[in-house]
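Line order of the protein sequences matches chains D and W. Just so you know, we're using numbering that gives the first Met the number 0 here: the first sequence kicks off at 0 and counts up by one. Just so you know, we're using numbering that gives the first Met the number 0 here: the second sequence kicks off at 0 and counts up by one. By construction, the Cβ of each residue, glycine as well, lies at the ideal position given by its N, Cα and C atoms. Read through the structure below, which is laid out as C-alpha cells, and then see the notes.
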Amino acid sequence: MGLVAETPSDKTTPASRAKARLKGLLEHERAEVAEQERSFPFPQERFSVSIRGKSDGLVLRIGDEAPWAVVLRDLTQQLNQVNSHAFFQGALLHLDAGGRGITAQEIEELSAILTRYGVALASIIDNSSLVQTYLGVRAEIAPPHPEHAQLESLATWRTRNVTPPGPSAVFVRQPLRAGEVFRHTETLVILGNVPNAAEVVTNGDILVFGRLRGVAHAGASGNENAIIGALLLTPTQLRIGHHIFARSNSSAAAVNIGEIARVMDGRIVIEPWLK
Amino acid sequence: MGRVITITSGKGGVGKTTSTANLGTALATLGHRVVCVDTDIGLRNLDLIMGLEDHVVYNLVDVVEERASISQALIRHRALPDLFLLPASQSRDKSAIDELQMMILCNKLKNDFDFVLIDSPAGIEHGFRVSLAPADQVIIITTPEVAALRDADRVVGILEKKDRFSRCLVINRYRRKMVQQGRMMTPEEVLEILSCQLVGIIPEDEEVINAAYEGKLIAMNQRSEAGREFFKTARRLLGEEIPFSIRDEPPSLLDRLFGR
Numbered sequence: 000m001g002l003v004a005e006t007p008s009d010k011t012t013p014a015s016r017a018k019a020r021l022k023g024l025l026e027h028e029r030a031e032v033a034e035q036e037r038s039f040p041f042p043q044e045r046f047s048v049s050i051r052g053k054s055d056g057l058v059l060r061i062g063d064e065a066p067w068a069v070v071l072r073d074l075t076q077q078l079n080q081v082n083s084h085a086f087f088q089g090a091l092l093h094l095d096a097g098g099r100g101i102t103a104q105e106i107e108e109l110s111a112i113l114t115r116y117g118v119a120l121a122s123i124i125d126n127s128s129l130v131q132t133y134l135g136v137r138a139e140i141a142p143p144h145p146e147h148a149q150l151e152s153l154a155t156w157r158t159r160n161v162t163p164p165g166p167s168a169v170f171v172r173q174p175l176r177a178g179e180v181f182r183h184t185e186t187l188v189i190l191g192n193v194p195n196a197a198e199v200v201t202n203g204d205i206l207v208f209g210r211l212r213g214v215a216h217a218g219a220s221g222n223e224n225a226i227i228g229a230l231l232l233t234p235t236q237l238r239i240g241h242h243i244f245a246r247s248n249s250s251a252a253a254v255n256i257g258e259i260a261r262v263m264d265g266r267i268v269i270e271p272w273l274k
Numbered sequence: 000m001g002r003v004i005t006i007t008s009g010k011g012g013v014g015k016t017t018s019t020a021n022l023g024t025a026l027a028t029l030g031h032r033v034v035c036v037d038t039d040i041g042l043r044n045l046d047l048i049m050g051l052e053d054h055v056v057y058n059l060v061d062v063v064e065e066r067a068s069i070s071q072a073l074i075r076h077r078a079l080p081d082l083f084l085l086p087a088s089q090s091r092d093k094s095a096i097d098e099l100q101m102m103i104l105c106n107k108l109k110n111d112f113d114f115v116l117i118d119s120p121a122g123i124e125h126g127f128r129v130s131l132a133p134a135d136q137v138i139i140i141t142t143p144e145v146a147a148l149r150d151a152d153r154v155v156g157i158l159e160k161k162d163r164f165s166r167c168l169v170i171n172r173y174r175r176k177m178v179q180q181g182r183m184m185t186p187e188e189v190l191e192i193l194s195c196q197l198v199g200i201i202p203e204d205e206e207v208i209n210a211a212y213e214g215k216l217i218a219m220n221q222r223s224e225a226g227r228e229f230f231k232t233a234r235r236l237l238g239e240e241i242p243f244s245i246r247d248e249p250p251s252l253l254d255r256l257f258g259r
C-alpha cells in the first residue's frame, strides 16, 4: 500500500534481492575455500618474528605459537637482511614475547644473537601486558643453575636474581588499566587506582594511593611479612606470600579510608591504617 | 552426563553473549543445572551481561593452570541457584588455553551439569577452535544482515567438515515489520543460505540493552518478547515442538491503515 514502486505484482523485494545476491556470492566463496584447502592442506605458516621501529628503540615481536627454533631462524634472517650490521649497532630493543611465556634460557639465546649485531635488550614484555625492566641487569647476572634454567619462567628467574641489596621502592605514576598485570620485585607505590581485573604482583609491599579493586599479591616470593595498603581497599583478591583473601563483596560501600592488610596468625587480616 | 553446546557466530556483535546468558537462564528456570563458560579470554563480557562481574575471583585460565579448582571459580547466580558462570580471564589472551585443556575441563563439567553453554569468541581463529573442541552441539547466532550471514556461512562451512555436531541456528534481532514490508529477509530466505535447523527467532527488543545496563537477564522478564522467545528456544533445545509464532502475526490495523 506504499506510495512507491512495491506493488503486489512486483515479485522482488529488497530482502529477496539481498538473498539472491548473497547466495550467489557465498556459493562462489565456498568453492574458493574448498579449492584453497585442496591445494594447501596445512595451515599457513604463522607469523614468527617482526621488528618495528619505535620512538625509544626497536620492538621485536615474537609470535605466540611459533616453535622456538623457527623464531631463532627467522630472527637471524631478518637481522641479516639489513646487510650492514652497523644499522643496528647500539640500538635499544624491546622484546614483546606476547603470551608465549618465554623462558630464561630462551632470553639468553636471544640476547646472544642480538649481541652479535650490537643490539642491547632494553626491556621485556611478556603475557601481553606484563612489563619487566631488564636494563642494566643482564650483563652481570646469569641464572644460578643453568641446567635448570629452561624450566624456570622469566618471573622466577627475575625474582631470584634481581633482589635488591636493601629495601627500595618503585613509584608507579600512571593508573593501571583493567586487564593489565604489573609484575615487579620491589615494593610498589601506585599513585592511582588499581581497577577490577587489573593485577599487581611483587615480592615487596604494595601501597596504593587510590582505590584497589583488582588483585594484589605482595611478598610473591613467599615473604609473609609483606603488607598491602590502599586508601580504599575493596579488592577482588589479596594475596600475601601463600595466603589468599577474597573480600566477599568487592563493591561494598562501607569501608574505612586507609586500610592495611597483613598476615597475622596464619591468615590475612585487614585493619584501618590509623587506629 | 550433560550436553556441551557452543554458541558461535563468526561475526562479532550479533548476540552470542546475550544468547548464552539467556538460554542458560531459560534452561536453569526450566529445572536444569546449567553452567555458562566464557571463552572470550581478554575480552570477557558474559560476567557483565549476567550481572556477576563483582563476584569474579578465579577464572577459566586459573582453573586450567591449576591455581584454582572448578568449584572455586564457579559463580552461582543469586536469583537462579541452578545457573552458574565460569568467567574468562581478562588479563590473558586466547593463547592461554588449548583444545585439549578445554575438552578435559568440559568433561569434568559434564558430570555436574545438565548443560554446559560455551560462549565463543568472534572470529574463526584459535579461540573459536578451542570453544568448539568439546561441543556436542553448536548454535550459530546470526542477524538477517549480509555481513552476519556471510560470516555465519563461513562458520557453517567449517562445521560441515566435523559431522559429530548437530548444527542449530538462532536468528537474532528480527524485525517483523521490516520483514512484512519485504525489507528484511524472512526466516525461509535465511535458511536458504544457511542450511541449519532453526531453533529460535529472537525479535529486536530495546529491553535487551536496558537489561544489560542493569546486569539483569532479559529471559527473566516474561513481559519482554525477546525474553519469551529465549524460553521457546530453550524448550526447542530440550526437544519440544514449538511453532514459530513470531512471523505469523498479521500486521496490526494501525499498520495497515497507515501503510507502514
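{"Check": "Reference D/LEU230, options D/ALA68, D/PRO174, D/GLY191, D/ILE243, closest by Cα", "Outcome": "D/GLY191"}
{"Check": "N-terminal and C-terminal residue of the beta strand (DSSP E) that W/HIS54 is part of", "Outcome": "Premise fails: W/HIS54 is in no beta strand (DSSP E) and is neither H nor E."}
{"Check": "Helix, strand or coil at W/PHE127 according to DSSP, with G and I counted as helix", "Outcome": "helix"}
{"Check": "Chain-ordered chain D contacts of W/GLY181 [CB-CB under 8 angstroms]", "Outcome": "GLU5, THR12, PRO13, ALA14, SER15"}
{"Check": "Backbone secondary structure at D/HIS93 - three-state DSSP", "Outcome": "strand"}
{"Check": "The stretch 62 to 78 of chain D: positions lying closer than 9 angstroms to chain W by Cβ", "Outcome": "ASP63, GLU64"}
{"Check": "Closer than 7 angstroms at the beta carbon, the chain W residues around D/ARG29", "Outcome": "GLY156"}
{"Check": "N- and C-terminal bounds of the beta strand (DSSP E) containing W/THR7", "Outcome": "2 to 7"}
{"Check": "Boundaries (first-last residue) of the beta strand (DSSP E) holding W/SER70", "Outcome": "Here W/SER70 belongs to no beta strand (DSSP E); instead the alpha helix (DSSP H) covers 69 to 72."}
{"Check": "DSSP three-state assignment for D/SER110, whether helix, strand or coil", "Outcome": "helix"}
{"Check": "Proximity below 8 angstroms, CB of D/PRO234 to CB of D/ALA215", "Outcome": "yes"}
{"Check": "Length-filtered (3 minimum) beta strand (DSSP E) runs lying within the stretch 221 to 272 of chain D", "Outcome": "227 to 232, 236 to 239, 242 to 244, 258 to 263, 266 to 271"}
{"Check": "Neighbouring residues, chain W, relative to D/LEU25 (Cβ below 7 angstroms)", "Outcome": "ARG149, ASP152, ILE192"}
{"Check": "Chain D contact for W/GLU188 (CB, 8 angstroms cutoff)", "Outcome": "yes"}
{"Check": "C-alpha gap between W/ILE138 and D/ASN79, whole angstroms", "Outcome": "49 angstroms"}
{"Check": "W/THR185: contacting residues in chain D (beta-carbon distance under 8 angstroms)", "Outcome": "ALA14"}
{"Check": "D/ALA168 classed as buried or exposed, judged by whether at least 16 other C-beta atoms fall within 10 angstroms", "Outcome": "exposed"}
{"Check": "Nearest-angstrom Cα separation, counted from D/HIS241 out to D/MET263", "Outcome": "13 angstroms"}
{"Check": "N- and C-terminal bounds of the alpha helix (DSSP H) containing W/ARG227", "Outcome": "224 to 236"}
{"Check": "Nearest to W/ARG227 (by Cα), restricted to the options W/ASN21, W/LYS176, W/SER165, W/GLY12", "Outcome": "W/ASN21"}
{"Check": "Of the residues D/VAL199, D/ILE243, D/ARG29, the one placed nearest D/GLY265, counting alpha carbons only", "Outcome": "D/ILE243"}
{"Check": "Below-8 angstroms beta-carbon distance, D/THR235 vs any chain W residue", "Outcome": "yes"}
{"Check": "Bridge-paired residues (DSSP) for W/ARG186", "Outcome": "Note that residue 186 of chain W is Pro in the sequence shown, not Arg. Paired residue(s): none; W/PRO186 is not in a bridge."}
{"Check": "Proximity test, Cβ basis, 8 angstroms: W/SER90 and chain D", "Outcome": "yes"}
{"Check": "Members of the stretch 49 to 83 of chain W that neighbour chain D once the beta carbon cut-off is set at 9 angstroms", "Outcome": "GLU52, ASP53, HIS54, VAL55, VAL56, TYR57"}
{"Check": "Pairwise C-alpha distance: W/GLU52 and W/SER88", "Outcome": "12 angstroms"}
{"Check": "Buried versus exposed, by CB contacts within 10 Å (16 or more), D/LEU273", "Outcome": "exposed"}
{"Check": "Cα-Cα separation, D/LEU150 to D/GLY228", "Outcome": "Residue placement at D/LEU150 cannot be trusted, given a pLDDT of 33 that sits under 50; what the coordinates show is reported in the next sentence. About 34 angstroms."}
{"Check": "Nearest-angstrom Cα separation, counted from W/GLY50 out to W/GLY1", "Outcome": "25 angstroms"}
{"Check": "Alpha-carbon spacing of D/LEU175 relative to D/ALA245, whole angstroms", "Outcome": "20 angstroms"}
{"Check": "W/CYS105, DSSP secondary structure in three states", "Outcome": "helix"}
{"Check": "Chain D contact for W/GLY122 (CB, 8 angstroms cutoff)", "Outcome": "no"}
{"Check": "Cβ pair W/VAL189, W/LEU236 closer than 8 angstroms", "Outcome": "no"}
{"Check": "CA-to-CA distance, D/LYS22 to W/GLU166, given in whole angstroms", "Outcome": "The sequence shown places Arg at residue 166 of chain W, not Glu. If I take the Cα positions, the gap works out to 20 angstroms."}
{"Check": "Same chain, Cβ closer than 7 angstroms to D/ALA196, neighbours up to 5 away in sequence not counted", "Outcome": "ALA177, GLY178, GLY213"}
{"Check": "Which listed residue (D/ALA17, D/VAL70, D/ILE269) has its alpha carbon closest to that of D/SER49", "Outcome": "D/VAL70"}
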